[in-house]
Amino acid sequence: MILSLTVGLSACRAQTPYVPVERPSPGETLCGTPICGPEFLASAFLKLEAADGTGAGRIHILQIGDSHTAGDQISGQVRSRMQARFGRGGRGILPPGLPYVGYAPRQVSVAATGARYLPAPLIAGGTRVPMGLAGGQGRLETGDHLSIILDPGVPLTTLGVCGQAGPDRGTLQIVPDIGLPQAIAFRRESAGPLCAEVALSPGDANLTLVAVDTPVVLDDVRLWGKGGLSLSNLGVVGSTLMDLEGRDAATVETQLRADPPDLILLAYGTNEGFDDDFDPLAYEQVLRRRIASLRQVAPDAVLMIMGAPDGLRRRQTTPGPQRWSQSCGSEGEWQAPPALALVRDVQRRVSEDLGVAFWDWYGRMGGACSADRLAGTGEPLMRGDRVHFTATGAEWIGDILADDLMSTYDGWRAGRTGGD
1 MILSLTVGLS
11 ACRAQTPYVP
21 VERPSPGETL
31 CGTPICGPEF
41 LASAFLKLEA
51 ADGTGAGRIH
61 ILQIGDSHTA
71 GDQISGQVRS
81 RMQARFGRGG
91 RGILPPGLPY
101 VGYAPRQVSV
111 AATGARYLPA
121 PLIAGGTRVP
131 MGLAGGQGRL
141 ETGDHLSIIL
151 DPGVPLTTLG
161 VCGQAGPDRG
171 TLQIVPDIGL
181 PQAIAFRRES
191 AGPLCAEVAL
201 SPGDANLTLV
211 AVDTPVVLDD
221 VRLWGKGGLS
231 LSNLGVVGST
241 LMDLEGRDAA
251 TVETQLRADP
261 PDLILLAYGT
271 NEGFDDDFDP
281 LAYEQVLRRR
291 IASLRQVAPD
301 AVLMIMGAPD
311 GLRRRQTTPG
321 PQRWSQSCGS
331 EGEWQAPPAL
341 ALVRDVQRRV
351 SEDLGVAFWD
361 WYGRMGGACS
371 ADRLAGTGEP
381 LMRGDRVHFT
391 ATGAEWIGDI
401 LADDLMSTYD
411 GWRAGRTGGD
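If you're matching positions, the sequence shown starts at 1 in the UniProt record's numbering and goes up one per residue.
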């Protein structure tokens, strides 16, 4: 009898349908609107308008940042949501290889055979390294190759690569699953960055990039469709805006001029906020320089700063002074690093002063202690470290960002057309 009852209860549990946990509503922003300074996005909105509902126009969004960007969970959700409305313009720009263990970008799979990925060192003081926006390089010796497999339905009409040319560089052969192989030669009389592209046959979904002679050094790989929206994410785990400051200026300029972005999202701030030696004056100088530099090499692009999200660290158990601005958790066991608020203050002030749009990530995720609350929900939206989002949480905050961009665009369009 007891056994029968136990089996019956197990069967009932197995038949209980999954009910998704209701996700939190977006929090309020500092400025009271989804995006602060929406007027600064007008030129990007014109590009969106050309693609809206048709996919005929082309718009490229480039997000640069830290691990929140590198993982492509948040940016991947924004990409999927916006491509559903504005058309699939291709996967966009990728790092040239496997930048870290477990790398799993959306819409595409990447595998390396022999090819090495050399990450740029995380730096302090702005030391220059000969690398571009991806924060790393792929080095292919003769016979090494990268394999790229697109998910079903992801369009691909053009493949581009950026790399380092010179007299000692080789040739990269592109082998598609449809059509004949094509070659891009990086051997040049003088050394320097080079971007090139090849047209592909309709239906290509699997590509192999092979170094056929002498080393080939790549700074990125570019996957474009014919029209619609593309969103490139180039992030480095643990990086700060100072790391972007240290990229090779000639390489960055070549990359940005090859496929100019229409909207650049700057998504730094978390790692600066966890630095106990954070200097807000130095940070402001770097932020202003980066904005000026990006505007110089990508003059048709508009910028939006993604304000630093909420992040917490465990309270120290050792005696001595503790640097924190707010306690969270039922027993105050989680603390907000004081520099995070300073980072957001600088980001907000600089955005207003320089005419840059600002997305209040901290406010949208719920403000103070939201990282702790989101980690304790029935279906956690933050990981246990109270810094990084879970896959479900990345989808949630990605939906909020996509909604904010599209609703702000809708408001701009209604104001321009009189509501038609």
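Every residue gets a Cβ at the ideal spot worked out from N, C-alpha and C, and that includes glycine. Since the structure is predicted, the reported quantities are computational estimates derived from the model, not experimental observations.
How many Å lie between residue i and residue j at the Cα?
i      : j      : result
GLY89  : ASN206 : 17 Å
TRP334 : GLY76  : 29 Å
MET304 : GLY163 : 27 Å
LEU140 : THR29  : 46 Å
THR33  : GLU197 : 40 Å
GLY55  : GLY228 : 4 Å
SER109 : GLY235 : 17 Å
MET306 : PRO299 : 20 Å
GLY125 : ALA112 : Bear in mind that a pLDDT of 48 at GLY125, under 50, signals an unreliable position, so the number given afterwards is only what the model happens to contain. Their Cα atoms are separated by approximately 33 Å.
GLN73  : ARG383 : 14 Å
ILE174 : PRO181 : 5 Å
ARG23  : ALA185 : 51 Å
ASP219 : ALA191 : 14 Å
MET82  : ALA51  : 11 Å
GLY332 : GLY376 : 14 Å
ASP259 : LEU405 : 22 Å
LEU156 : ILE59  : 15 Å
LEU354 : GLU284 : 12 Å
Here's a check: name, in chain order, each residue in its chain whose Cβ is nearer than 6 Å to the Cβ of residue i, leaving out the five neighbours to either side.
i      : result
ASP144 : GLY114, ALA115 and ALA211
GLN107 : ARG91, ASP151 and VAL154
LEU94  : VAL221
PRO105 : ASP72
ASN233 : GLN63, THR69, ASP72 and SER75
LEU263 : ALA44, ILE61 and VAL302
TYR117 : GLY97, LEU98, PRO99, GLY136 and GLY138
So residue i is in the alpha helix (DSSP H); what residue range does that whole segment cover?
i      : result
SER351 : 338-354
MET406 : 391-417
ILE35  : No alpha helix (DSSP H) contains ILE35, which DSSP labels as neither H nor E.
PHE86  : 73-86
VAL252 : 249-258
PHE45  : 42-51
LEU374 : 370-375
MET242 : 241-245
Is there at least one non-hydrogen atom of the ligand NAD closer than 6 Å to the beta-carbon of residue i?
i     : result
THR29 : For the structure depicted, the ligand NAD is absent and the ligand set is empty, with no information on it obtainable.
Drop a sphere of 10 angstroms on the beta-carbon of residue i, count the other beta-carbons inside from all chains shown, and report buried for 16 or more, exposed for fewer.
i      : result
ASP178 : Before going further, note that residue 178 is Ile rather than Asp in the sequence given. Exposed, since its Cβ has fewer than 16 Cβ neighbours within 10 Å.
GLN63  : buried
LEU266 : buried
THR417 : exposed
GLN296 : exposed
GLU39  : exposed
LEU294 : buried
ALA414 : exposed
Give me, in chain order, the residues of the same chain whose beta-carbon lies closer than 8 Å to that of residue i; leave out the 5 immediate sequence neighbours on both sides.
i      : result
ALA368 : ASP310, GLN326, CYS328 and ALA336
ARG188 : ALA165, GLY166, PRO167, ARG169 and LEU194
Please list the terminal residues of the continuous beta strand (DSSP E) segment that includes residue i.
i      : result
THR113 : 108-113
GLU197 : 192-199
ILE264 : 263-267
LEU303 : 302-306
ALA282 : From DSSP, ALA282 is part of no beta strand (DSSP E) but of the alpha helix (DSSP H) over 280-297.
Run through the DSSP bridge pairs and tell me what residue i is partnered with.
i      : result
PRO119 : GLY136
CYS162 : CYS195 and ASP220
HIS60  : SER230
ILE178 : DSSP, once it has assigned bridges, lists no residue as partnering ILE178.
VAL210 : HIS145 and GLN173
CYS328 : TRP334
ILE93  : ARG222
TRP359 : MET306
ARG314 : TRP334
LEU156 : Per DSSP, none; premise fails for LEU156.
Keeping to the same chain, check which residues put their C-beta closer than 7 Å to that of residue i; ignore five residues upstream and five downstream.
i           : result
residue 465 : In the structure as shown, the chain begins at 1 and stops at 420. Residue 465 is therefore absent and cannot be evaluated.
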